[in-house]
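Novice: Questions regarding the structure given below will be posed in turn.
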Amino acid sequence: MTGSLSSLWPLIPAAVLVAALGALTPILRAGRAERDAESRRLADLERAARHQSLAAMDAMSGSDFERFIAGLCHRDGFTVIQRNGGAGDLGADVVAQAPDGRRVVIQCKRYKPGNPVPGPDLQRFLGTVRAIHNADVPVFVTTAWRFTKQSRELAASQQVVLIDRDLLSRWNNGISLDKYLPAVSPEPRR
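Residue numbers (my numbering): 8 to 197.
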């Protein structure tokens, strides 16, 4: 009997380990389920905070919204040169210098979230943004969820950065404006 027990000895720790793992499996699954539930809860909280921030932006006056956008630029390390839009601003609500030295001219437009940004609004902005304001990077920021097809195509052809409601929410929640700007082209060698 002793000989047979000693031949089984190496198998006993393995059997105990298999039994322990079998007992732990439901606990590990429960831990994973709790972790997944916590991840979903945090994502829901983030969405709710974003929605609340967007609701606050919707309640701002046009001037308050422009100052708010200037504040986001400042937070991201941009030097704000001008932050007063309004009648007669010729499409430049915020003018800032990016950390890399480029001149960024921002048009801020508050729309009802369901109203898309129409092409003519972008056309008016393009009429002055480079010719009068000397923009290296024109940026159009809106509280609307989307831009019309015409405005998106126009923006793409003229290298205008479009920031819709979703991107604005992300910018407000910590994504830096420079992440939305095009990369700096290297200077041509002479």
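Note that the Cβ used here is the ideal one computed from N, Cα and C, for glycine as well.
Would you identify the three-state DSSP class for L169, choosing helix, strand or coil?
Specialist: Counted from its first residue, the sequence shown places residue 169 at position 162. In the structure shown, L169 sits in a strand (DSSP, three-state: E or B).
Novice: Per DSSP, what kind of secondary structure is I76 in: helix, strand or coil?
Specialist: Numbered from 1 along the sequence shown, position 69 holds the residue referred to as residue 76. Helix at I76.
Novice: Classify V191 as buried or exposed, calling it buried when 16 or more other Cβ atoms lie within 10 Å of its own Cβ.
Specialist: Your numbering for residue 191 matches position 184 in the sequence shown. Exposed is the call here.
Novice: Look at the Cβ atom of G98, then the Cβ atom of R131, and state whether they are nearer than 8 Å.
Specialist: For the purposes of this step, residue 98 is taken as residue 91 along the sequence shown, with counting starting at 1. For the purposes of this step, residue 131 is taken as residue 124 along the sequence shown, with counting starting at 1. Taking 8 Å as the Cβ cut-off, G98 and R131 qualify as a contacting pair.
Novice: If distances are taken between C-alpha atoms only, which option among S68, R109, Q157 and N122 comes closest to V146?
Specialist: Stepping through the sequence shown from its first residue, residue 146 is reached at position 139. Of the candidates S68, R109, Q157 and N122, the one whose C-alpha sits nearest the C-alpha of V146 is R109.
Novice: Express the C-alpha separation of V25 and H58 in angstroms, rounding to a whole number.
Specialist: Position 51 of the sequence shown, counting from 1, holds the residue named residue 58. Position 18 of the sequence shown, counting from 1, holds the residue named residue 25. No answer about H58 holds up, because its pLDDT of 48 lies below 50 and its placement is not dependable.
Novice: Find out if the Cβ-Cβ distance for the pair G126, T155 is shorter than 8 Å.
Specialist: If you number the sequence shown from 1, residue 126 lands on position 119. If you number the sequence shown from 1, residue 155 lands on position 148. Going by C-beta atoms, G126 is nearer than 8 Å to T155.
Novice: Going by Cα to Cα distance, which pick from R177, A63, A162 and I34 is closest to P189?
Specialist: Here residue 189 is taken as the residue at index 182 of the sequence shown, counted from 1. For the residues R177, A63, A162 and I34, the minimum Cα distance to P189 belongs to A162.
Novice: With distances taken from CA atoms, which of R74, V23, G84 and Q166 is nearest R117?
Specialist: Position 110 of the sequence shown, counted from the start, is the residue given in the question as residue 117. The residue with the shortest Cα to Cα distance from R117 is R74.
Novice: Express the C-alpha separation of P33 and A62 in angstroms, rounding to a whole number.
Specialist: On the sequence shown, residue 62 is found 55 positions in, with the first residue counted as 1. On the sequence shown, residue 33 is found 26 positions in, with the first residue counted as 1. Distance from the CA atom of A62 to the CA atom of P33, rounded to whole angstroms, is 43 Å.
Novice: Suppose the cutoff is 6 Å on Cβ atoms and the five residues either side in sequence are ignored; what does the same chain contact list for F85 look like?
Specialist: The residue labelled residue 85 in the question sits at position 78 within the sequence shown. Taken in chain order, the residues that qualify are A103 and A105.
Novice: Please determine, among I182, V144, D100 and K186, the residue with the shortest C-alpha to C-alpha distance to V111.
Specialist: As a working mapping, residue 111 is identified with position 104 in the sequence shown. The shortest C-alpha separation from V111 is found at V144.
Novice: Just to confirm my understanding: we take D171, look at its own chain, exclude 5 residues before and 5 after, and list those with CB closer than 7 Å. What are they?
Specialist: Here residue 171 refers to the residue found at position 164 when the sequence shown is read from its first residue. Excluding residues within five positions, the ones whose Cβ falls inside 7 Å are T149, A151, W152, R153 and F154.
Novice: At what residues does the alpha helix (DSSP H) containing A163 begin and finish?
Specialist: Start at 1 with the first residue of the sequence shown, and residue 163 comes out as number 156. Residues K156 to S164.
Novice: Can you pull the DSSP bridge partners for V23?
Specialist: In the sequence shown, residue 23 corresponds to position 16, counting from 1. Answer is none; V23 lacks a bridge partner.
Novice: Given A142, which residues of its chain have a CB within under 6 Å of its CB, disregarding the five upstream and five downstream residues?
Specialist: Mapped onto the sequence shown, residue 142 falls at position 135. Contacts found: R110, V112 and V136.
Novice: If we count the other Cβ atoms within 10 Å of its Cβ and call it buried at 16 or more, is N179 buried or exposed?
Specialist: Taking the sequence shown and counting its residues from 1, one reaches residue 179 at position 172. Burial call: buried.
Novice: Just mark D71 as buried or exposed, buried being the case when its beta carbon has 16 or more other beta carbons within 10 Å.
Specialist: Position 64 of the sequence shown, counted from the start, is the residue given in the question as residue 71. Counting Cβ neighbours within 10 Å, D71 comes out exposed, since fewer than 16 surround it.
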